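Contents: one structure, followed by commentary.
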Amino acid sequence: MTKYLLLDIDDTIAPQLYRGSDAVEIETWGRGHLAIPRYILDWLKNFSKGNNQSIWWCTDRTNETTQIESQLKLNIQGKLRFDNVPRGVWKKQASIIKFAVEHPKDIVICADNDADLIKVDTLPKNLHLVIPTGTIKALSKEDLNIIDSY
């Protein structure tokens, strides 16, 4: 069994305009300010080294994902695509649910500040949503502990 983490960037691992003393700056080549709090980065590095654990990007900021991976040496396994989005539905919803359905024997965790936009009667039993609760609009240490507990 594998634990998959479907990970967003904005306000999930990188709070908007974050400039805390623990900020790890990402070079965006003029595309705006991007920084990740050190405690999140350290946790991501540990998570990505874990046996049977896999991080997948769940964001449309594809340029930033490449920059984060190369600059911070994160081991990311893939990226979800958001094609053919039905009108009126959160554009990531179908891809997240499809990923969980395609991995029925695994644990799928979606960490995204907008995960509450998923509107379905029932989620796949193996899909867990983690919405950041941190005061800096990012995953808190408690949120990271919840992800670890699955």
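For the sequence shown, the residue numbers in the numbering used here are 7 to 156.
Built from N, CA and C at the ideal position, the CB exists for glycine as well.
Here the structure is a predicted model, which is why all the values come from computation and not from measurement.
Contacts around residue i, its chain only, beta-carbon distance under 7 Å, and the 5 residues preceding and following it disregarded
i	result
K111	M7
L77	Sequence inspection shows Gln at residue 77; the Leu mentioned does not correspond to that position. Closer than 7 Å at the Cβ level, and outside the excluded window around Q77, lie I32, E33.
Beta-carbon spacing of residue i, residue j below 8 Å
i	j	result
L80	C64	no
A121	L135	yes
I153	I103	no
I142	G36	no
I74	I32	yes
I19	E70	no
T13	A106	The displayed chain sequence assigns Leu, not Thr, to residue 13. Not closer than 8 Å, so no.
Y156	I124	no
D17	N119	yes
Spatial neighbours of residue i in its chain, beta-carbon cut-off 6 Å, leaving aside the 5 residues before and after
i	result
F88	K97, K98, S101
T34	L40
L150	W49
Q59	K9, F53
Element boundaries [alpha helix (DSSP H), containing residue i]
i	result
V136	Element bounds for V136: not the alpha helix (DSSP H) but the beta strand (DSSP E), 133-136.
V107	99-108
Q73	68-78
S60	Looking at the DSSP string, S60 is not in any alpha helix (DSSP H); the run it does join, the beta strand (DSSP E), is 59-63.
L86	From DSSP, L86 is part of no alpha helix (DSSP H); its letter is neither H nor E.
Residue from the options whose Cα sits closest to the Cα of residue i
i	options	result
N132	E148, E70, H109, A20	H109
V30	R67, I46, I142	I46
L23	P43, T72, K9, D14	P43
Residues near residue i by beta carbon distance below 8 Å, same chain, minus five either side
i	result
K55	N81
S146	P138, T139, G140
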